[in-house]
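Going by the working numbering, the sequence shown opens with residue 42, and the numbers climb by one from there. Shown next, in structure tokens, is the structure this report addresses.
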Amino acid sequence: MTLLLLTLFGYTGLPTLLARTGFRRALTGLPAVPPQVALTFDDGPDPVWTPRILEILDRFGVRATFFMLGSRAEAHPDLVRQVAAAGHEVGVHGYRHRPAALQGLRSTLADVEATVRVLTGILQRRPRYYRPPWGIFNLWTGIAAKRHRLIPVVWSLHVAEWSRATTAHSIYLDAMRRAKPGTVLLLHDAAGPGSRPDAPAVVARALPRVIAGLRRRGLTPVSLSELLEPAERRVTDAPPGPDMGSPRP
């Protein structure tokens, strides 16, 4: 058992830890000027709840980033196009939401490649961001992302809507207590493996209050690209010098 745990830690635990804190860091959040919070949605598209989430975002004039499963995108290509046509971003979330611990080199590369191929075929443009299922990396996740020029993204705030103890009100309170400039907020527009079936319904009930509450606190809800743009512009506009470099996601 000890050997198994050590093997799992070396294969997924350590890569995930390094992705969040190490030299090959994935995007979790960043100081944002002006104060902004990126809204991200995982596990869709869902024919019931993705349109509902889109309607709420449209009502508030907010753009977000949707990390989609390739299998669901393939089943609902019109929904993928609807998300993009509304001005939102579409990112890669794997093809079938398989745990990183159960995937080797070939299956990790194939999983990302299949999803990129599906999304590119539907939208006629390549996705920019990649969030692995559950935010867990294995030894090959970074290679797969680099091969397709994807920026790995996790999150800095998760409101645990998958839990049966979570309510729309608790999501709102949690977001208000913990959100800060540069936060990447994880939500779901579809039920994923291990989550409660009505998780996206709870998100839909909470979302209007979350958006309004963030704005009252002086935080603007945005997509990932909108969050990253000021940081990228600061680097681009900086005078050249020995410390000049590209932003590290």
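Glycine included, C-beta positions come from ideal geometry on N, C-alpha and C. Nothing here was measured: the structure is a model prediction, and the numbers come from that model.
Quick one: is residue i buried, meaning 16 or more other Cβ sit within 10 Å of its Cβ, or exposed?
| i | result |
| --- | --- |
| E96 | exposed |
| Q77 | buried |
| Q165 | exposed |
| F64 | Its pLDDT being 39, under 50, F64 is placed unreliably by the model, and the measurement read from it follows with that caveat. Counting Cβ neighbours within 10 Å, F64 comes out exposed, since fewer than 16 surround it. |
| P193 | buried |
| L268 | buried |
| H210 | exposed |
May I have the straight-line CA-CA distance separating residue i from residue j, to the nearest angstrom?
| i | j | result |
| --- | --- | --- |
| E190 | S266 | For the sequence presented, residue 190 should be read as Arg rather than Glu. C-alpha separation (whole angstroms): 15 Å. |
| F162 | G254 | Residue identity check: residue 162 is Gly in the sequence provided, not Phe. If I take the Cα positions, the gap works out to 37 Å. |
| T277 | E270 | Its pLDDT being 35, under 50, T277 is placed unreliably by the model, and the measurement read from it follows with that caveat. When rounded, the distance between both Cα atoms is 10 Å. |
| L160 | P241 | 22 Å |
| D119 | P86 | 10 Å |
| R256 | A79 | 13 Å |
| Q144 | P249 | 38 Å |
| A239 | L146 | Contrary to the premise, residue 239 reads as Asp rather than Ala in this sequence. D239 and L146: Cα-Cα distance of roughly 34 Å. |
| I94 | H129 | 11 Å |
| P173 | R139 | 9 Å |
Compute the distance between the beta-carbons of residue i and residue j, then report whether it is under 8 Å.
| i | j | result |
| --- | --- | --- |
| V121 | A114 | yes |
| F108 | T81 | yes |
| V124 | P262 | no |
| S264 | T106 | yes |
| P88 | H117 | yes |
| D84 | G183 | no |
Can you tell which of the options has the C-alpha that lies nearest to the C-alpha of residue i?
| i | options | result |
| --- | --- | --- |
| R258 | A247, A240, D239, R219 | R219 |
| W203 | D230, D119, L260 | D230 |
| R237 | V251, A206, H117 | A206 |
| Y171 | V131, K221, R256 | V131 |
| V157 | L146, A185, Q144 | A185 |
| T208 | P173, V251, K187 | V251 |
| L260 | K221, A142, G235 | K221 |
| A142 | K187, W181, R93 | W181 |
| P168 | G111, I94, G235, R139 | G111 |
Quick check on residue i - is its C-beta less than 8 Å from some C-beta in chain B?
| i | result |
| --- | --- |
| V153 | In the structure shown, chain B cannot be found, because there is only a single protein chain. |
Taking 7 Å as the cut-off, is the beta-carbon of residue i closer than that to any non-hydrogen atom of the ligand ZN?
| i | result |
| --- | --- |
| H210 | The model depicted lacks the ligand ZN and carries no ligand whatsoever. |
Three or more C-beta pairs below 8 Å linking the stretch 127-141 and the stretch 152-169: yes
Stretch pair the stretch 222-233 + the stretch 193-206: three plus CB contacts closer than 8 Å: yes
Touching by the beta-carbon criterion (3+ pairs, under 8 Å), the stretch 166-183 and the stretch 209-217: no
Stretch pair the stretch 235-246 + the stretch 99-119: three plus CB contacts closer than 8 Å: no
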